[in-house]
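K.L.:
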Amino acid sequence: MKNVSVAQRMNLPWVESPFFDDLLLKKDLTPEQREMVTHYNREGFLVLRQQVAHELIDRTLREIEGEYPATVGEDPTRHQDLWKKYGTVRELASQPQIFDVLRMLYDREPVPFQTLNFKFGTQQRAHSDTIHFSSTPARFMCGVWVALEETNATNGPLFYYPRSHRQEEFNYFDIGIEAEENYAEYHNYEDFMEEFMEAKGYLRQEIHMQKGDVLIWSSNLAHGGMPIKGGNVTRWSQVTHYYFEGCMYYSPRFSDMFSKNLNLRHVINIATGKVVQHSENGKSIETINTGNFRYAVSHNFTLPVLVKEVLKKIIGKKPF
Ligand SMILES: O=C(O)CCC(=O)C(=O)O
Ligand SMILES: [Fe+2]
Numbered sequence: 000m001k002n003v004s005v006a007q008r009m010n011l012p013w014v015e016s017p018f019f020d021d022l023l024l025k026k027d028l029t030p031e032q033r034e035m036v037t038h039y040n041r042e043g044f045l046v047l048r049q050q051v052a053h054e055l056i057d058r059t060l061r062e063i064e065g066e067y068p069a070t071v072g073e074d075p076t077r078h079q080d081l082w083k084k085y086g087t088v089r090e091l092a093s094q095p096q097i098f099d100v101l102r103m104l105y106d107r108e109p110v111p112f113q114t115l116n117f118k119f120g121t122q123q124r125a126h127s128d129t130i131h132f133s134s135t136p137a138r139f140m141c142g143v144w145v146a147l148e149e150t151n152a153t154n155g156p157l158f159y160y161p162r163s164h165r166q167e168e169f170n171y172f173d174i175g176i177e178a179e180e181n182y183a184e185y186h187n188y189e190d191f192m193e194e195f196m197e198a199k200g201y202l203r204q205e206i207h208m209q210k211g212d213v214l215i216w217s218s219n220l221a222h223g224g225m226p227i228k229g230g231n232v233t234r235w236s237q238v239t240h241y242y243f244e245g246c247m248y249y250s251p252r253f254s255d256m257f258s259k260n261l262n263l264r265h266v267i268n269i270a271t272g273k274v275v276q277h278s279e280n281g282k283s284i285e286t287i288n289t290g291n292f293r294y295a296v297s298h299n300f301t302l303p304v305l306v307k308e309v310l311k312k313i314i315g316k317k318p319f
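Heads up: the sequence shown runs through residues 0 to 319, numbered per numbering that gives the first Met the number 0.
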């Protein structure tokens, strides 16, 4: 390892590295690109104006509009993975110009793996997406939010806490909550995040966007949706979550990392339709399906663990 600098040895996206400034000096980037990566490094997000063709957005809305109720607050409020049904959602998740920006930020091949489409503002409390999706090496994940129409003070625009991505990635273990199958404990995590942001003096910023604008947030940036103030006003949008090749991908919310119960995700690359192989330091990691779309590292998956999982499913709680 003597010829490799300490900065190069760090298993992190270069844009999140503590040696970012040194690494930047070695990059072949235009002044505009330098500004973009520096902003992402410092603030944890990037706004790209007019990135997505309005023609594609209009086609998307025509395809998905029938999936939603007429009135705000009625179910379903969100649709996950409409890309499986609609080519336009897939196209929005696989925009080459956005891939190029992600390659610049992460130096790895992007893997769009999940879509969420909303008709109305989500009014979600602050969270970091790392509670839902994380990776090892850490931080090879980001969210790409596309405005399918204008967002403003009344239709529940996005908010984020600039620079909060620099904090550690909190999981349930850190705040004394057990890994869970449902959302019963999630409000405790949300309380924690809100209180943490306030205690550390982070300032919430609301962002207003135009149709076709894009916001990229780094995996650990705290963000959410503002309250809807304008009655039955829409806020059409699509979020695509991206991983990057060459990692292990897991859900912290369902995992107990320290007793080897790492809950691995079944990752399909939306752009290619192919399953993405988990890997660790260049070595492929085989996984085993433990039911309910949950996967575990197969060499950790012993017979007693299997028995426990099956019993848990039958009796609805942990057997021992
Ligand atoms: O659209 C929003 O209000 C927030 C969505 C979000 O937090 C996410 O998809 O990660
Ligand atoms: Fe989120």
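In this text, a Cβ means the ideal position worked out from N, Cα and C, and glycines have one as well.
#1: I believe SER163 touches TYR248 by the beta-carbon criterion, under 8 Å. Please report the beta-carbon distance rounded to the nearest angstrom.
#2: Would you report the Cα separation of THR286 and THR121, rounded to the nearest angstrom?
#3: Does the beta carbon of ASP128 fall short of 7 Å from some heavy atom of ligand 2?
#4: Measure how close the beta-carbons of HIS126 and MET192 come, nearest whole angstrom, since I'm counting them as under 8 Å.
#5: Is it a yes or a no for the stretch 265-272 touching the stretch 107-120, going by three-plus beta-carbon pairs under 8 Å?
#6: Assuming GLY211 contacts ILE56 (C-beta within less than 8 Å), just tell me the rounded distance between them.
#7: What did DSSP end up calling TRP144 once you bin it into helix, strand or coil?
#8: Exposed or buried, what is ARG234 when buried is set at 16 or more other beta-carbons lying within 10 Å of its beta-carbon?
#9: Pick out whichever of PRO251, LYS307, ARG89 and GLU42 has its Cα sitting closest to the Cα of HIS222.
#10: Work out the CA separation of LYS312 and GLU177 for me, nearest whole Å.
#11: Taking 7 Å as the line, does the beta carbon of THR121 fall inside it for any heavy atom of ligand 1?
#12: Measure the alpha-carbon distance for ASP80 versus ASN2 and round it to whole angstroms.
#13: Measure the beta-carbon distance from ALA137 to GLN209 and round it to whole angstroms, keeping in mind my assumption that it falls under 8 Å.
#14: From which residue to which residue does the alpha helix (DSSP H) around LEU202 run?
#15: Using 8 Å as the threshold, is the C-beta distance between ILE227 and PHE119 below it?
#16: Considering only residues of the same chain and omitting the five flanking positions on each side of GLU204, which have a CB-CB separation below 8 Å?
#17: Give the DSSP bridge partners of GLY224, in chain order.
#18: How close, in whole Å, do the beta carbons of VAL213 and TRP144 come, if the pair is a contact with beta carbons under 8 Å?
#19: Would the beta-carbon of PHE132 be found less than 7 Å away from any heavy atom of ligand 1?
#20: Indicate whether the contact test is met: 3 or more Cβ pairs, each with one atom in the stretch 3-20 and one in the stretch 49-67, closer than 8 Å.
#21: Below 7 Å, is the gap between the Cβ of PHE98 and the nearest heavy atom of ligand 1?
#22: Closer than 6 Å by C-beta to THR239: which residues in its own chain qualify, once you throw out the five before and the five after it? Chain order, please.
#23: Determine the direct distance from the alpha carbon of GLU197 to that of ALA183, and round the result to whole angstroms.
#24: Could you tell me if GLY155 is buried or exposed, where buried requires 16 or more neighbouring beta carbons within 10 angstroms of its beta carbon?
#25: Look at PHE139 and PHE243 and say whether their C-beta atoms are less than 8 Å apart.
#26: Given a cut-off of 8 Å on the beta-carbon distance, is the pair CYS141 and TRP82 in contact?
#27: Rounding to the nearest angstrom, what Cα-Cα distance links VAL100 and LEU45 in this structure?
#28: Quick check: is any heavy atom of ligand 2 less than 7 Å from the C-beta of GLY155?
#29: Consider the C-beta atom of GLY43 and the heavy atoms of ligand 2; say whether any pair is separated by less than 7 Å.
#30: What separation, rounded to the nearest whole angstrom, lies between the Cα atoms of PRO95 and ASN288?
#31: Looking only at C-alpha atoms, which of GLY245, PRO12 and GLU34 sits nearest to SER278?
P.N.:
Put simply:
#1: As a working note, residue 163 is residue 164 in the sequence shown. As a working note, residue 248 is residue 249 in the sequence shown. Contact flag wrong, Cβ pair sits at about 22 Å.
#2: In the sequence shown, counting from the first residue as 1, residue 286 sits at position 287. In the sequence shown, counting from the first residue as 1, residue 121 sits at position 122. Cα-Cα distance, rounded: 34 Å.
#3: One-based indexing of the sequence shown puts residue 128 at position 129. Between ligand 2 and the CB of ASP128, the shortest heavy atom gap is smaller than 7 Å.
#4: Taking the sequence shown and counting its residues from 1, one reaches residue 126 at position 127. Taking the sequence shown and counting its residues from 1, one reaches residue 192 at position 193. Here HIS126 really is in contact with MET192; their C-beta atoms are around 6 Å apart, less than 8 Å.
#5: The stretch 265-272 makes contact with the stretch 107-120: 3 or more CB pairs, one atom from each, lie closer than 8 Å.
#6: Taking the sequence shown and counting its residues from 1, one reaches residue 211 at position 212. Taking the sequence shown and counting its residues from 1, one reaches residue 56 at position 57. Yes, they are in contact, since the Cβ atoms of GLY211 and ILE56 sit about 6 Å apart, within 8 Å.
#7: For the purposes of this step, residue 144 is identified with residue 145 of the sequence shown, where counting begins at 1. If DSSP states are grouped into helix, strand and coil, TRP144 belongs with the strands.
#8: Position 235 of the sequence shown, counted from the first residue, corresponds to residue 234. Sixteen is the threshold: when 16 or more other Cβ atoms of the shown chains lie within 10 Å of the Cβ of ARG234, as they do, the residue is buried.
#9: On the sequence shown, position 223 is the one that residue 222 refers to. Closest option to HIS222, Cα to Cα, is GLU42.
#10: For this step, residue 177 is matched to residue 178 along the sequence shown. For this step, residue 312 is matched to residue 313 along the sequence shown. The alpha-carbon of GLU177 is positioned some 17 Å away from that of LYS312.
#11: As a position in the sequence shown, residue 121 is number 122, starting the count at 1. Between ligand 1 and the CB of THR121, the shortest heavy atom gap is smaller than 7 Å.
#12: One-based indexing of the sequence shown puts residue 80 at position 81. One-based indexing of the sequence shown puts residue 2 at position 3. Going from the Cα of ASP80 to the Cα of ASN2 covers about 44 Å.
#13: Against the sequence shown, residue 137 aligns to sequence position 138. Against the sequence shown, residue 209 aligns to sequence position 210. 33 Å between Cβ atoms; not a contact.
#14: Position 203 of the sequence shown holds residue 202. Per DSSP, LEU202 lies in no alpha helix (DSSP H) segment and is marked neither H nor E.
#15: As a first step, residue 227 is located in the sequence shown; it is residue number 228 there, counting from the start. As a first step, residue 119 is located in the sequence shown; it is residue number 120 there, counting from the start. Their beta carbons are under 8 Å apart, which means ILE227 touches PHE119 by this criterion.
#16: Counted from its first residue, the sequence shown places residue 204 at position 205. Reading the sequence as shown, one finds Gln at residue 204 and not Glu. Shown here for GLN204: same chain residues with a beta carbon closer than 8 Å to its own, the five before and five after excluded, namely PHE158, TYR159, TYR160 and PRO161 in chain order.
#17: Stepping through the sequence shown from its first residue, residue 224 is reached at position 225. BP columns for GLY224 point to LEU157.
#18: Numbered from its first residue, the sequence shown carries residue 213 at position 214. Numbered from its first residue, the sequence shown carries residue 144 at position 145. That pair is a contact at about 7 Å.
#19: Here residue 132 refers to the residue found at position 133 of the sequence shown. For ligand 1, no non-hydrogen atom lies closer than 7 Å to the CB of PHE132.
#20: Not touching, per the Cβ criterion.
#21: Reading the sequence shown from its first residue, position 99 is the one you call residue 98. It does not: the Cβ of PHE98 is nowhere closer than 7 Å to a heavy atom of ligand 1.
#22: Here the question's residue 239 lines up with position 240 in the sequence shown. Beyond the five residues adjoining it in sequence on each side, THR239 comes within less than 6 Å, by CB distance, of ALA92, PRO111, THR114 and VAL143 in the same chain, given in chain order.
#23: Residue numbering aside, residue 183 sits at position 184 when the sequence shown is read from its first letter. Residue numbering aside, residue 197 sits at position 198 when the sequence shown is read from its first letter. Taking the straight line from one Cα to the other gives about 24 Å.
#24: Mapped onto the sequence shown, residue 155 falls at position 156. When all chains shown are included, GLY155 counts as buried.
#25: Sequence index remark: in the sequence shown, residue 139 carries index 140 (1-based). Sequence index remark: in the sequence shown, residue 243 carries index 244 (1-based). Cβ distance < 8 Å, so PHE139 and PHE243 count as in contact.
#26: Position 142 of the sequence shown holds residue 141. Position 83 of the sequence shown holds residue 82. It is not a contact, given that the beta carbons lie outside the stated cut-off.
#27: As a position in the sequence shown, residue 100 is number 101, starting the count at 1. As a position in the sequence shown, residue 45 is number 46, starting the count at 1. Rounded to the nearest angstrom, the two C-alpha atoms are 10 Å apart.
#28: As a first step, residue 155 must be located in the sequence shown, where it is residue number 156. No, the beta carbon of GLY155 sits no closer than 7 Å to any heavy atom of ligand 2.
#29: Taking the first residue of the sequence shown as 1, we reach residue 43 at position 44. Checking every heavy atom of ligand 2 against the Cβ of GLY43, none is found closer than 7 Å.
#30: On the sequence shown, residue 95 is found 96 positions in, with the first residue counted as 1. On the sequence shown, residue 288 is found 289 positions in, with the first residue counted as 1. Roughly 32 Å between the two C-alpha positions.
#31: One-based indexing of the sequence shown puts residue 278 at position 279. The candidate whose alpha carbon is nearest that of SER278 is GLY245.
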